[in-house]
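A short worksheet on the structure shown next.
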Amino acid sequence: MRTIVILPTYNERENIGPVVGRIRASAPEVDVLVVDDGSPDGTGEIADALAATDANVKVLHRAGKEGLGAAYRAGMAWALDAGYDAVVEMDADGSHRPEELPSLLAALRQLPQGDGAVGADLVLGSRWVEGGGVVNWPARRRFLSKGGSTYSRLWLGVPAKDVTGGYRAFTADALRRIHFEDVESQGYCFQIDMLRRAYDAGLAVVEVPITFVEREHGVSKMSGNIVAEAMLRVTGWGIVGLPRRFRRRPVPATVTETTQQA
Numbered sequence: 010m011r012t013i014v015i016l017p018t019y020n021e022r023e024n025i026g027p028v029v030g031r032i033r034a035s036a037p038e039v040d041v042l043v044v045d046d047g048s049p050d051g052t053g054e055i056a057d058a059l060a061a062t063d064a065n066v067k068v069l070h071r072a073g074k075e076g077l078g079a080a081y082r083a084g085m086a087w088a089l090d091a092g093y094d095a096v097v098e099m100d101a102d103g104s105h106r107p108e109e110l111p112s113l114l115a116a117l118r119q120l121p122q123g124d125g126a127v128g129a130d131l132v133l134g135s136r137w138v139e140g141g142g143v144v145n146w147p148a149r150r151r152f153l154s155k156g157g158s159t160y161s162r163l164w165l166g167v168p169a170k171d172v173t174g175g176y177r178a179f180t181a182d183a184l185r186r187i188h189f190e191d192v193e194s195q196g197y198c199f200q201i202d203m204l205r206r207a208y209d210a211g212l213a214v215v216e217v218p219i220t221f222v223e224r225e226h227g228v229s230k231m232s233g234n235i236v237a238e239a240m241l242r243v244t245g246w247g248i249v250g251l252p253r254r255f256r257r258r259p260v261p262a263t264v265t266e267t268t269q270q271a
């Protein structure tokens with residue numbers, strides 16, 4: 010499968026080089042697309058320098074900061090137009106470990122389905138399944154993340170344990186069936202919106218354990234506005250979808266290290 014990792018960036022000059030290098034070392038067959046929202050710290054120029062020396066690195070420059078959702082939509086549209094078979098979401102700050110990328114891609118390709126096809130439609134890198142976890146998070150951040158996933162799961166009826174995580178792998182067909190271009194949400198709400206659409210479309214979703222490591226350089230993009238948007242949108246979706254709320258959906262399989270080795 011032709012696969013590309015999308016890295017949305019805004020002021021990540023200290024992180025972008027090491028992260029791209031780790032991706033290329035962990036999965037040499039995978040391409041990288043840096044989507045830079047006009048970073049004033051020169052992140053875009055560093056990405057251009059990486060692309061100049063590595064044909065597997067691409068750069069998409071955008072005029073200004075419009076939010077995570079807009080950056081991902083632009084990157085996904087670029088990837089599908091370029092003919093990629095799989096698209097990976099990954100943070101550019103090192104919190105999503107590139108060394109775990111092969112586990113996500115293995116689940117995307119190898120999980121059997123009832124129709125005889127091979128590969129899940131969507132793989133979630135999950136912090137909250139057995140084998141997953143977080144490093145260097147304060148209790149407040151851990152509570153906010155787990156609470157957000159629980160709140161979304163209850164309101165939307167999605168069975169995944171990590172609803173807000175941003176380390177994910179999609180097949181190109183999954184993105185088309187989700188109609189990602191219509192997703193208007195920003196921030197972490199973008200991830201919730203994409204996942205609820207995946208379940209509504211009947212896609213095969215699995216969770217793979219990952220360890221999330223808090224960034225060492227730069228400033229987190231998390232804000233009160235992002236949290237507020239997520240809560241308001243999730244509540245609204247939950248109210249509108251009440252008639253379908255108890256519809257049975259397949260519970261996503263959890264792919265463990267033991268399962269993969271078997």
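Residue numbers for the sequence shown follow the numbering used here, beginning at 10 and rising by one.
All C-beta atoms, glycine included, are put in the ideal place defined by N, C-alpha and C.
query: Taking only the alpha-carbon atoms, compute the straight-line gap between Arg82 and Gly141 and give it to the nearest angstrom.; result: 27 Å
query: What does the alpha-carbon distance come out to for the pair Val43 and Gly128?; result: 26 Å
query: Of all the options Leu110, Asp209 and Val66, which has the alpha carbon lying nearest to the alpha carbon of Pro168?; result: Asp209
query: For Leu79, count neighbouring C-beta atoms within 10 Å of its own C-beta (all shown protein chains included) and say buried if the count is 16 or more, exposed if not.; result: What sits at residue 79 in the sequence shown is Ala, not Leu. Flag for Ala79 reads buried.
query: I'd like to know whether the C-beta atoms of Val29 and Leu69 end up nearer to each other than 8 Å.; result: no
query: Give the DSSP-derived three-state secondary structure of Lys170 in the structure shown.; result: coil
query: Once you ignore the five residues that flank Ala72 on each side, which residues in its own chain have a CB closer than 7 Å to its CB?; result: Gly47
query: For the beta strand (DSSP E) that contains Arg106, what are its first and last residues?; result: Arg106 -> no beta strand (DSSP E), and no H or E assigned at all.
query: For Ile25, which residues in the same chain have their Cβ closer than 8 Å to its Cβ, ignoring the five residues on either side in sequence?; result: Leu16, Thr18, Val43, Thr52, Ile55, Ala56, Leu59 and Ala101
query: Mind checking who Asp45 pairs with in its DSSP beta bridge?; result: Thr18 and His70
query: For Ile201, does the three-state DSSP call read helix, strand or coil?; result: helix
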